[in-house]
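What follows is one structure encoded as structure tokens, with my remarks underneath.
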Amino acid sequence: MTGALDLFRLDGCVALVTGGDKGLGQGIAVALAQAGADVAVVSRSGDASGTLDAVAAAGRRGIALTADLSNVALVEGIVTETTARLGRIDILVNNAGIIRRAPATDYEWNDWRVVLDVDLDAVWGLCRAAGRAMIAQGRGKIINIASVLSFQGGIRVPAYTAAKHAVAGLTKALANEWASLGVNVNAIAPGYMVTDNTQALRDDPERSRQILERIPAGRWGVPGDLAGAAIFLASPASDYVHGHVLVVDGGWLAR
Ligand code: NAD
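Our numbering numbers the first residue of the sequence shown as 2 and each following residue consecutively.
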């Protein structure tokens, strides 16, 4: 007999997590492994040893894949390599992302281009490549990492905000097409989390104080705060959840 908690198990599943070598992606990759999944970790450096050690400690198989996601020509190969080495792909977490900060009037085209390449184009390409495999097997879970800047404008991050709004829209568009085919496409929108992505904000005492004051939970988030949301959206527990952007922000957007 199975109980409700078994709905959250990922035994026998294979997950692909981009940017899983550190930060939020590492937290998600380890959480999925602890719930039972084998994990392929994509990073630009190819050094995902910290994550792979934690995956092994959870008793699961992990592999590291090297790819620069600003080159969209590589994305199909990432899915192919995952299925070749781990046998299948059940879960895709589009987590890798970059942010470039500058006033809009001074914003460099190169910064605009690379942020859109990594934060949107690679997400689209990986969704499509993994979606094809998942549709063929009649089952799959895609989780895109959005942001509270999928809902708000942010300050001095025009490319990032444009990309993250687009990620929320893409999540809904793909959910509409693929829900009836057994593939769930959802997103997680983290609030302000302690990772390299927000180092510049935390290094600025005034911005850091302003942000903290606005978070009802009274603290910045940490990678482990996404574990429950990620396991939920990766597991059978969310089988009837489609096109949802799940906000995990300590209450930031509620203010
Ligand atoms: P991070 O800087 O710690 O990690 C970013 C990850 O993306 C790294 O693993 C890096 O290897 C990968 N990456 C970056 N460029 C890449 C490229 N060209 N090719 C391959 N991999 C690349 O940041 P993080 O905070 O862990 O960010 C993870 C995701 O969460 C991003 O999509 C980010 O936009 C999103 N997010 C973060 C916060 C936050 O407060 N930290 C809030 C909302 C959303």
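We put the beta carbon where it would ideally sit given N, CA and C, even for glycine.
All figures in this text were calculated on a predicted structure; none of them were measured in a lab.
Neighbour-count burial assignment, GLN200, 16 or more Cβ in a 10 Å radius:
Exposed is the call here.
ILE99: CB within 7 Å of a non-hydrogen atom of the ligand NAD
Because some heavy atom of the ligand NAD lies under 7 Å away, the Cβ of ILE99 counts as near it: yes.
For LEU202 and SER209, the rounded distance between their alpha carbons
So the alpha carbons of these two residues sit roughly 6 Å apart.
Our contact map puts ALA49 next to VAL80 with C-beta atoms below 8 Å; I'd like the distance itself, whole angstroms only.
At roughly 17 Å, the Cβ-Cβ gap does not stay under 8 Å, so ALA49 and VAL80 are not in contact.
MET135 beta carbon near the ligand NAD (any heavy atom closer than 7 Å):
No - the ligand NAD has no heavy atom lying nearer than 7 Å to the Cβ of MET135.
Considering SER50, what are the terminal residues of the alpha helix (DSSP H) in which it resides?
Bounds of the alpha helix (DSSP H) holding SER50 are 50-58.
Starting from ALA41 and walking both ways along the beta strand (DSSP E), at which residues does that stretch end?
ALA41: member of the beta strand (DSSP E) spanning 39-44, first to last residue.
Per DSSP, what kind of secondary structure is ASN96 in: helix, strand or coil?
ASN96: coil per DSSP, three-state reduction.
First through last residue of the beta strand (DSSP E) which encompasses THR3:
THR3 -> no beta strand (DSSP E), and no H or E assigned at all.
When you compare the segment 98-107 with the segment 137-145, are there three or more beta-carbon pairs, one atom per stretch, that lie closer than 8 Å?
Three or more Cβ pairs closer than 8 Å define a contact, and the segment 98-107 falls short of that threshold against the segment 137-145.
I want to know whether the segment 154-170 touches the segment 218-238 - three or more CB-CB distances under 8 Å.
Contact check between the segment 154-170 and the segment 218-238: fewer than three CB pairs, one atom from each, fall below 8 Å, which does not count as touching.
LEU8 versus ARG220 - alpha carbon distance
Distance between the alpha carbons of LEU8 and ARG220: 31 Å.
Taking all protein chains shown into account, decide if VAL249 is buried (16 or more other Cβ within 10 angstroms of its Cβ) or exposed.
By the Cβ-count criterion, VAL249 is buried, with 16 or more other Cβ atoms from all chains shown falling within 10 Å of its own Cβ.
Could you pull the start and end residues of the beta strand (DSSP E) that GLY141 belongs to?
Looking at the DSSP string, the run of the beta strand (DSSP E) that includes GLY141 is 141-146.
Which same chain residues end up closer than 6 Å to ALA55 when comparing Cβ atoms and leaving out the 5 residues on each side of it in sequence?
Answer for ALA55: VAL31, listed in chain order.
Beta-carbon contacts of VAL246 that lie in its chain and below 7 Å, excluding the five residues immediately before and after:
The beta carbon of VAL246 sits closer than 7 Å to those of ALA147, SER151, ALA169, THR172, ALA188, ALA190, all from its chain and outside the five residues before and after it, given in chain order.
Starting from GLN191 and walking both ways along the beta strand (DSSP E), at which residues does that stretch end?
Looking at the sequence itself, residue 191 is Pro, so the reference to Gln does not match. Element bounds for PRO191: 184-191.
Does the Cβ of ARG45 lie closer than 7 Å to at least one heavy atom of the ligand NAD?
Yes - the ligand NAD has a heavy atom lying nearer than 7 Å to the Cβ of ARG45.
Leaving out the 5 sequence neighbours to the left and right, which residues in its chain are closer than 6 Å to VAL195 when beta-carbon positions are compared?
Setting aside the 5 residues that flank it on each side, VAL195 is surrounded in the same chain by TRP221, VAL223, each with a C-beta closer than 6 Å to its C-beta; the list follows chain order.
Can you list, in chain order, the residues of its chain with a C-beta nearer than 7 Å to that of PRO237? Leave out the 5 residues immediately preceding and following it.
Excluding sequence positions up to five before and after PRO237, its CB lies within less than 7 Å of the CB of LEU8, all in the same chain and listed in chain order.
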